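Numbering (my numbering), first residue to last: 10 to 422.
The beta-carbon is built from N, C-alpha and C at its ideal position, and this holds for glycine as well.
In this text, all values refer to a predicted model and were calculated from it rather than measured experimentally.
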Ligand code: C5P
């Protein structure tokens with residue numbers, strides 16, 4: 010995915026700098042080249058030797074090094090890359106970049122570059138939340154700098170909250186995604202996505218629902234649109250906004266969702282992210298059910314159509330790649346494999362939604378990609394890939410990248 014792309018990685022001084030070793034490995038595995046600028050503070054956390062070994066290139070540290078400036082001056086360094094990634098982007102590096110300060114190789118390069126900059130902040134939660142850092146963040150966004158993270162969670166300093174550096178896989182997904190729009194690798198493809206919950210009425214006032222927020226499905230729709238696809242998003246009732254550049258069909262019930270999916274077909278790729286209610290009430294009344302002294306009203310349930318299975322098992326007009334989701338609270342992968350076989354789809358994205366994970370309705374997701382036999386790089390063997398915890402946008406970008414790779418391999422694009 011990164012063949013021929015050159016990343017200039019500016020490593021700041023934070024404990025999270027160790028994650029850059031893995032990041033370099035991931036970028037190189039995707040075919041990209043990495044050149045490293047290491048700040049003085051950064052060199053307290055990772056050594057030039059490790060970075061040079063992994064990147065296969067010299068590590069640049071000093072603005073006033075006669076040999077470096079002759080071989081590759083800071084201006085040339087800043088221009089020779091296709092993308093500049095700052096990780097960890099410390100409060101200090103962000104402050105310098107936001108204010109145009111240039112007093113070392115890293116900050117001078119950031120001021121001199123004419124290339125896109127992606128920052129991956131990492132710092133103590135109070136430092137991140139400080140008005141000065143927040144002001145710098147806003148200013149950098151205005152200047153066109155892109156950001157991944159920071160993540161929420163336990164920090165090396167023992168505190169808890171936003172400030173953790175995004176995981177290397179999430180940074181890689183953002184890098185891969187950065188290079189997608191120019192190529193628009195999904196141009197000409199129609200991608201159909203379901204998202205959110207469904208509401209199944211009991212009467213005109215009450216309904217059966219679930220906790221799905223639509224964040225993951227909407228993020229996938231956004232990422233697919235950025236990659237150039239024509240996207241139809243069929244959304245149950247959610248509070249997240251409609252993504253830009255996407256045709257959105259709003260529905261309430263499972264049956265309406267199935268109708269909208271049938272209407273939207275044919276599609277090249279279909280991704281069923283919605284948490285469709287399994288059951289609905291038989292003969293939901295037109296009038297509000299009244300409380301009576303006789304006790305609770307009997308509510309008979311009937312099964313809803315399974316949209317994923319219906320589309321996966323189509324004889325005619327089945328999308329070339331059908332992807333389902335499996336939200337489980339136990340033995341996630343086993344259930345996902347069984348679901349893959351039962352529904353007849355090509356991939357299942359499985360995740361653990363037990364309450365402790367905070368995934369349902371939250372901003373993060375940690376998923377396993379389970380591919381059916383006969384697809385992927387090892388036909389006949391069902392492949393399982395476990396992705397690290399990432400925010401839902403990063404999962405969406407990684408999934409879109411995976412789709413592009415598969416379509417590419419199978420000669421669709
Ligand atoms: O069977 P289960 O609900 O766990 O399956 C989850 C997958 O099936 C998700 O991809 C979901 O969008 C899809 N599904 C569906 N229609 C249903 C139930 C689930 O499309 N009625």
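Between residue 95 and residue 199, the alpha-carbon positions lie close to 35 Å from each other. Here residue 166 is exposed, its C-beta having fewer than 16 other C-beta atoms within 10 Å.
Taking 3 residues as the shortest admissible run, the segment 217 to 286 contains the following complete beta strand (DSSP E) segments, listed from N- to C-terminal end: 239 to 244, 256 to 259 and 278 to 281. Distances from the CB of residue 241 to the heavy atoms of the ligand C5P are all 7 Å or more. Not one heavy atom of the ligand C5P lies closer than 7 Å to the C-beta of residue 245.
The segment 284 to 298 makes no contact with the segment 339 to 347; the number of CB pairs closer than 8 Å stays below 3. The shortest CA-to-CA distance from residue 265 to any of 178, 103, 314 and 307 is the one to 314.
Listed by position in the chain, the residues whose beta carbon lies within less than 5 Å of some heavy atom of the ligand C5P are 281, 283, 285, 313, 315, 316, 317, 333 and 334. Residue 250 and residue 231 have their C-alpha atoms some 11 Å from each other. Within its own chain, the residues whose Cβ lies closer than 6 Å to the Cβ of residue 206, once the five positions on either side in sequence are excluded, are 218, 219, 221, 245 and 284, listed in chain order.
Taking residue 361 as the centre and dropping the five residues before and after it, the same chain places the C-beta of 341 closer than 6 Å to its C-beta, in chain order.
Pairing residue 178 with residue 408 gives a Cβ-Cβ distance that is not under 8 Å. Under the three-state reduction of DSSP, residue 166 is assigned to coil, being neither helix nor strand. One alpha carbon belongs to residue 233, the other to residue 257, and they sit about 13 Å apart.
Approximately 4 Å separates the beta-carbon atoms of residue 172 and residue 134; this is inside 8 Å, confirming the contact. Between residue 312 and the set 291, 226 and 109, the nearest pair of CA atoms involves 291.
Remark: C-beta atoms of residue 208 and residue 216 approach each other more closely than 8 Å. Per the Cβ contact rule, the segment 18 to 26 is in contact with the segment 35 to 48 (3 or more Cβ pairs under 8 Å).
Pairing residue 329 with residue 413 gives a Cβ-Cβ distance that is not under 8 Å. Assignment of beta-bridge partners to residue 91 by DSSP yields no partner. Distance between residue 131 and residue 157, taken at the CA atoms: about 10 Å.
Assignment of beta-bridge partners to residue 44 by DSSP yields 17. In this structure, DSSP gives residue 196 a state outside helix and strand, which the three-state scheme calls coil. Your pair residue 354 and residue 321 checks out as a contact, with CB atoms roughly 4 Å apart and the cut at 8 Å. Distance from the CA of residue 52 to the CA of residue 115, rounded to the nearest whole angstrom, comes to 13 Å.
Here residue 91 is not near residue 193, since their CB atoms are 8 Å or more apart. In the three-state DSSP reduction, residue 380 falls in the strand class (E or B).
Checking the DSSP bridge columns, you'll see residue 290 partnered with 310. Within the DSSP secondary-structure output, residue 332 pairs in a beta bridge with 280 and 356. A check of alpha carbon separations from residue 325 across 271, 374, 287 and 300 identifies 271 as the nearest. According to the DSSP secondary-structure assignment, residue 125 is paired through a beta bridge with 92. Residue 298: not part of any alpha helix (DSSP H); DSSP gives it neither H nor E.
Check the Cα spacing between residue 335 and each of 304, 365 and 380: the tightest is with 380. Residues of the same chain with a CB within less than 6 Å of the CB of residue 181, apart from the 5 flanking positions on each side, are 35 in chain order.
The beta carbons of residue 118 and residue 87 sit about 4 Å from each other, so the pair counts as a contact at 8 Å.
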